[in-house]
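Since the structure comes first, as structure tokens, the remarks are kept for the end.
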Amino acid sequence: MENPNNFGHGIHRVPQVFPAAECEAFIQQAERAGFEPATINTLGGTRLATDVRNNDRVILDSPTLALAIWRRIALQLPEVWMARGIAGLNERFRFYRYSEQQRFNWHVDGPYERSNGERSHLTLLIYLGGDYTGGETTFDVDGQLIDVRGQQGDVVFFPHRLRHRGSLVTSGTKYMLRSDVMYFPPVGAGHSSFPTLDALRAEAAKAQ
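Terminal number for the sequence shown in numbering that gives the first Met the number 0: 207, no gaps in between.
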């Protein structure tokens with residue numbers, strides 16, 4: 000039977016990773032911090048470009064949150080990517096708010112690289128909810144359009160290199176939380192502050 004959560008091309012959805020109460024707490028945390036218009040990265044630096052994106056954003060740097068989310072999702076992520084072993088998550092989080100008539104047009108996500116050679120290869124999106132219509136994450140893979148819609152608490156991950164957009168929200172408000180999946184350099188095992196997958200598997204086995 001075809002897996003409805005595997006969209007091909009490295010695009011995967013993991014249902015109901017986070018309970019509704021936790022998602023609502025994330026939304027309230029972001030609203031308290033205060034959303035601002037989201038910028039884009041260009042060769043000349045960051046700038047507002049409402050023709051490309053007009054949604055709002057909060058940036059939060061939190062190693063503690065990265066570790067907590069890692070423990071919830073790590074065993075669902077690709078252990079190896081392009082000959083690199085998985086290392087953890089980017090501790091820079093971005094809360095996104097899309098109100099009615101807001102969107103993020105076609106783009107590809109850029110990688111984040113640490114000084115130790117760790118590099119991000121996958122985008123990680125947590126769907127926090129909101130009562131909205133429209134707002135699919137739409138991918139363009141060689142002219143084939145793939146629409147992905149998550150429910151509250153779902154996680155979607157996909158390769159940075161895929162061209163995609165946050166489609167127009169036609170009513171209501173959509174909230175998301177984004178991070179990135181980090182991988183070690185291709186040579187050497189590397190060392191990470193995140194628990195290894197083997198350690199997480201052992202914890203899961205003990206909890207059964």
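Glycine is no exception: its CB is placed at the ideal position from the N, C-alpha and C atoms.
- Residues Thr38 and Ile39 of the same chain have their beta carbon placed closer than 8 Å to that of arginine 46, with the five preceding and five following residues left out of the count.
- The three-state reading of DSSP puts aspartate 197 in helix, counting H, G and I together.
- A residue is called buried when at least 16 other Cβ atoms come within 10 angstroms of its Cβ; valine 154 meets this threshold and is buried.
- Fewer than three beta-carbon pairs drawn from the segment 142-152 and the segment 74-88 are found closer than 8 Å, and the two stretches are therefore not classed as touching.
- Close CB contacts of isoleucine 58 within its chain, under the 6 Å cut and outside five residues either way in sequence, are with Arg93 (chain order).
- Its chain contains no residue whose beta carbon lies nearer than 6 Å to that of alanine 24 once the 5 sequence neighbours on both sides are disregarded.
- Each of Pro18, Pro36, Trp80 and Gly109 was checked against the Cα of leucine 42, and the nearest Cα belongs to Gly109.
- Contact between valine 16 and glutamate 99 is absent: CB atoms are separated by about 27 Å, not below the 8 Å threshold.
- The segment 97-133 is shown to contain whole beta strand (DSSP E) runs of 3 or more residues at 103-106, 118-128 and 131-133, in chain order.
- Beta-bridge partners of phenylalanine 138 (DSSP): Ile145 and His163.
- Taking a cut-off of 8 Å on C-beta distances, the segment 171-178 touches the segment 124-141, as three or more cross pairs fall below it.
- Its Cα nearest to that of serine 114, the residue His190 stands out among His190, Ala29 and Arg12.
- For the pair alanine 206 and arginine 200, the Cα-to-Cα distance works out to about 10 Å.
- The C-alpha of glycine 44 is placed about 44 Å away from the C-alpha of alanine 203.
- Per DSSP, the beta bridge partners of valine 79 are Gly84.
- For leucine 64, the enclosing alpha helix (DSSP H) covers residues 62-72.
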